[in-house]
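Enquirer: For the record, the sequence lines run as chains A and B.
Heads up: the first sequence runs through residues 1 to 236, numbered per this note's numbering.
Heads up: the second sequence runs through residues 237 to 292, numbered per this note's numbering.
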Amino acid sequence: MYPEEIKNKIKEKLELFISRGLVTNKTTAIYFDVREIMAFLGFRTFHDDMHKYPTGLLCCSCKLAMHFITAKYSSSIGVAKIADGYSYFERFLPEQLPEFKSVISGTIVDQYGVEVISPLYHVFDAVDVPMTIIKGFGLDPAVFLGETLGQAVCLLGLIYKIPYDVNDSDESQNTFFNELRNATLEYTTTKMQIISGKETQRLMRHDSYGNEYFEDMDYNRIMERVIAAKEIFFEG
Amino acid sequence: MEKNKMEDALQSVRNAFSSGDKKIGVLYSGGKDSTVVLLTIAKEFPDAELSCISMH
Chain A
1 MYPEEIKNKI KEKLELFISR GLVTNKTTAI YFDVREIMAF LGFRTFHDDM HKYPTGLLCC
61 SCKLAMHFIT AKYSSSIGVA KIADGYSYFE RFLPEQLPEF KSVISGTIVD QYGVEVISPL
121 YHVFDAVDVP MTIIKGFGLD PAVFLGETLG QAVCLLGLIY KIPYDVNDSD ESQNTFFNEL
181 RNATLEYTTT KMQIISGKET QRLMRHDSYG NEYFEDMDYN RIMERVIAAK EIFFEG
Chain B
237 MEKNKMEDAL QSVRNAFSSG DKKIGVLYSG GKDSTVVLLT IAKEFPDAEL SCISMH
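(1) Between the Cα of aspartate 216 of chain A and those of A:Val226, A:Ala183, A:Glu199, A:Lys230, spot the shortest distance and give me the residue it belongs to.
(2) To which residues of the same chain is serine 280 of chain B closer than 8 Å at the C-beta, ignoring the five residues directly before and after it?
(3) Identify the residues that DSSP records as bridge partners of serine 287 of chain B: which are they?
(4) If you count every other CB in all the chains shown that lies within 10 Å of the CB of tyrosine 2 of chain A, and 16 or more means buried, which is it?
(5) Mapping DSSP to helix, strand and coil, what is valine 226 of chain A?
(6) Ends of the beta strand (DSSP E) at tyrosine 2 of chain A?
(7) Roughly how many whole angstroms lie between the Cα atoms of histidine 122 of chain A and phenylalanine 214 of chain A?
(8) Measuring only the C-alpha atoms, how far is glutamate 12 of chain A from glutamate 171 of chain A?
(9) List the DSSP bridge partners of phenylalanine 234 of chain A.
(10) Is the number of C-beta pairs between the stretch 46 to 64 of chain A and the stretch 179 to 189 of chain A that are closer than 8 Å three or more?
(11) Would you say asparagine 238 of chain A faces chain B, with C-beta separation under 7 Å as the test?
(12) What whole-angstrom Cβ distance do phenylalanine 144 of chain A and lysine 268 of chain B have, given they're in contact under 8 Å?
(13) Measure the alpha-carbon distance for proline 94 of chain A versus phenylalanine 124 of chain A and round it to whole angstroms.
(14) Could you tell me the alpha carbon to alpha carbon distance between asparagine 182 of chain A and aspartate 165 of chain A, rounded to whole angstroms?
(15) Compare the beta carbon distance of tyrosine 112 of chain A and serine 75 of chain A with 7 Å and say whether it is the shorter of the two.
(16) Could you tell me how far apart the beta carbons of phenylalanine 234 of chain A and threonine 28 of chain A are, in whole angstroms, since I believe they sit closer than 8 Å?
(17) Measuring alpha carbon to alpha carbon, tell me which of A:Ile222, A:His51, A:Val114 ends up nearest isoleucine 82 of chain A.
(18) In this structure, does DSSP put threonine 148 of chain A in helix, strand or coil?
(19) Thinking C-alpha only, which one of B:Tyr264, B:Asp283, B:Lys241 is nearest lysine 258 of chain B?
(20) Which class does leucine 120 of chain A belong to by DSSP, given the choice of helix, strand or coil?
(21) Using the Cα positions of tyrosine 219 of chain A and lysine 135 of chain A, report the straight-line distance between them to the nearest angstrom.
(22) With DSSP collapsed to three states, give me the class of phenylalanine 46 of chain A.
(23) When the Cα atoms are used, what is the spatial distance from valine 272 of chain B to methionine 131 of chain A?
(24) Strictly under 7 Å for the Cβ-Cβ distance: is alanine 29 of chain A near chain B by that measure?
(25) I want to verify the contact list: residues of chain A whose CB lies under 7 Å from the CB of serine 248 of chain B, in sequence order.
(26) Please classify serine 118 of chain A: is it buried, with 16 or more other beta-carbons within 10 angstroms of its beta-carbon, or exposed?
(27) Give the DSSP-derived three-state secondary structure of alanine 183 of chain A in the structure shown.
(28) Phenylalanine 89 of chain A and valine 127 of chain A - do their beta-carbons sit closer together than 7 Å?
(29) Taking the straight line between their C-alpha atoms, what separation do you get for leucine 16 of chain A and lysine 7 of chain A?
Laid out in structure tokens, this is it:
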């Protein structure tokens, strides 16, 4: 999906929920472009990572960027608790394994005074649970067309043959998931060292005439730019 | 089943937040999982100001 499509999809849903009286809160929607910081954390080493770790674990760099951007911004507007939609059922995704959050949560609290929690992690224990609850709110499942089978299957997942239907009694799956848990711990810890370090990367840029130039960037500078470029696209 | 899961979700949200949380953030993609999180928080804490944070 393109950024405009994502924002429109969210805006339409928020308008629907408000019109139905399902959301009566004062509500603001904010968009961040996470791509540059994800590239900084994950892409430079991706070639090596895809040989070293199951699935390459690029998802963890993406979600690491999302969590830290969210925490930094939230602390600036007085939000101390943030909820995500992580799900026990979707623990085939490395960032939804407890190991991912176990590495990042303490630093986020220490650095920003913010908690990112997964309030429905154990409620979402089967593929049909979220849609069942959505129906309970009186919403038409067609609003979520294409999402009935859970998380979208990504290319990396197909390449690495991630078991999308976790079966705890399957020995071969358990071997895979034990490896994935350890890899998630190691990978995320390594990426956290980038966040807390002073590493700079030389990034290729193009000016408005299409000429290449290079810019030395570090994590904090990219983070400042991402936060500054935020877009508030809905207020209700 | 339907009613139980709804009640489980509402109870989990009540455990995770309190009426003292005047501002609550939600990592919101517009997908079904984060929508359930958003709607249950909105139902249990209608006075909280919600910030829906999305990214790409």
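For glycine and all other residues, C-beta sits at the position ideal for the given N, C-alpha and C.
Expert: The answer reads as follows:
(1) What you label residue 216 of chain A is simply residue 216 of the first sequence in a count that begins at 1. With distances taken between Cα atoms, aspartate 216 of chain A lies closest to A:Glu199.
(2) Working through the second sequence from its first residue, we reach residue 280 of chain B at position 44. A small correction: the amino acid at residue 280 of chain B is glutamate; serine does not occupy that position in the sequence shown. Around glutamate 280 of chain B: Leu246, Val249, Arg250, Phe253.
(3) By one-based count along the second sequence, residue 287 of chain B stands at place 51. DSSP output for serine 287 of chain B lists A:Thr28, B:Gly261 as bridge partner(s).
(4) Position 2 of the first sequence, counting from 1, holds the residue named residue 2 of chain A. It counts as exposed.
(5) Position 226 of the first sequence, counting from 1, holds the residue named residue 226 of chain A. Here valine 226 of chain A sits in helix by DSSP.
(6) For the purposes of this step, residue 2 of chain A is taken as residue 2 along the first sequence, with counting starting at 1. Premise fails: tyrosine 2 of chain A is in no beta strand (DSSP E) and is neither H nor E.
(7) On the first sequence, residue 122 of chain A is found 122 positions in, with the first residue counted as 1. On the first sequence, residue 214 of chain A is found 214 positions in, with the first residue counted as 1. One C-alpha to the other measures close to 46 Å.
(8) Residue 12 of chain A sits at position 12 when you count from the first residue of the first sequence. Residue 171 of chain A sits at position 171 when you count from the first residue of the first sequence. Going from the Cα of glutamate 12 of chain A to the Cα of glutamate 171 of chain A covers about 44 Å.
(9) Residue numbering aside, residue 234 of chain A sits at position 234 when the first sequence is read from its first letter. Bridge partners of phenylalanine 234 of chain A: A:Ala29.
(10) yes
(11) The displayed coordinates of chain A run from 1 to 236. Any statement about residue 238 of chain A would go beyond what the structure contains.
(12) Position 144 of the first sequence, counted from the first residue, corresponds to residue 144 of chain A. Position 32 of the second sequence, counted from the first residue, corresponds to residue 268 of chain B. Contact holds; Cβ gap of about 5 Å.
(13) As a working note, residue 94 of chain A is residue 94 in the first sequence. As a working note, residue 124 of chain A is residue 124 in the first sequence. In this structure, the straight-line span from the alpha carbon of proline 94 of chain A to that of phenylalanine 124 of chain A is close to 16 Å.
(14) Within the first sequence, numbered from 1, the residue matching residue 182 of chain A stands at position 182. Within the first sequence, numbered from 1, the residue matching residue 165 of chain A stands at position 165. Approximately 20 Å between the Cα atoms of the pair.
(15) Taking the first residue of the first sequence as position 1, residue 112 of chain A is located at position 112. Taking the first residue of the first sequence as position 1, residue 75 of chain A is located at position 75. In contact: tyrosine 112 of chain A and serine 75 of chain A (Cβ atoms closer than 7 Å).
(16) Position 234 of the first sequence, counting from 1, holds the residue named residue 234 of chain A. Position 28 of the first sequence, counting from 1, holds the residue named residue 28 of chain A. Right, their Cβ atoms sit about 7 Å apart.
(17) Counting from 1 along the first sequence, the entry for residue 82 of chain A is found at position 82. That would be A:Val114, whose Cα lies nearest to the Cα of isoleucine 82 of chain A.
(18) Locating residue 148 of chain A in the first sequence gives position 148, counting from the first residue. Low local confidence applies: a pLDDT of 48 at threonine 148 of chain A is under 50, so the model's placement there is unreliable, with the coordinate-based value given in what follows. Reduced to three states, the DSSP call for threonine 148 of chain A is coil.
(19) Position 22 of the second sequence holds residue 258 of chain B. If we check each option's Cα against that of lysine 258 of chain B, B:Asp283 comes out closest.
(20) As a first step, residue 120 of chain A must be located in the first sequence, where it is residue number 120. If DSSP states are grouped into helix, strand and coil, leucine 120 of chain A belongs with coil.
(21) Numbered from its first residue, the first sequence carries residue 219 of chain A at position 219. Numbered from its first residue, the first sequence carries residue 135 of chain A at position 135. Those two C-alpha atoms are separated by around 42 Å.
(22) Residue numbering aside, residue 46 of chain A sits at position 46 when the first sequence is read from its first letter. Phenylalanine 46 of chain A: helix per DSSP, three-state reduction.
(23) Counting from one through the second sequence, the residue named residue 272 of chain B turns up at place 36. Counting from one through the first sequence, the residue named residue 131 of chain A turns up at place 131. Looking at the two C-alpha atoms, the distance is approximately 8 Å.
(24) Position 29 of the first sequence, counted from the start, is the residue given in the question as residue 29 of chain A. By this cut-off, alanine 29 of chain A is an interface position.
(25) In the second sequence, counting from the first residue as 1, residue 248 of chain B sits at position 12. Those are Pro119, Leu120, Val123, listed as they occur along chain A.
(26) Position 118 of the first sequence, counted from the first residue, corresponds to residue 118 of chain A. Buried, because 16 or more other Cβ atoms sit within 10 Å of the Cβ of serine 118 of chain A.
(27) Locating residue 183 of chain A in the first sequence gives position 183, where the first residue counts as 1. It is helical.
(28) Translated into the one-based positions of the first sequence, residue 127 of chain A becomes position 127. Translated into the one-based positions of the first sequence, residue 89 of chain A becomes position 89. Contact: yes.
(29) Your numbering for residue 16 of chain A matches position 16 in the first sequence. Your numbering for residue 7 of chain A matches position 7 in the first sequence. Roughly 14 Å separates the two Cα atoms.
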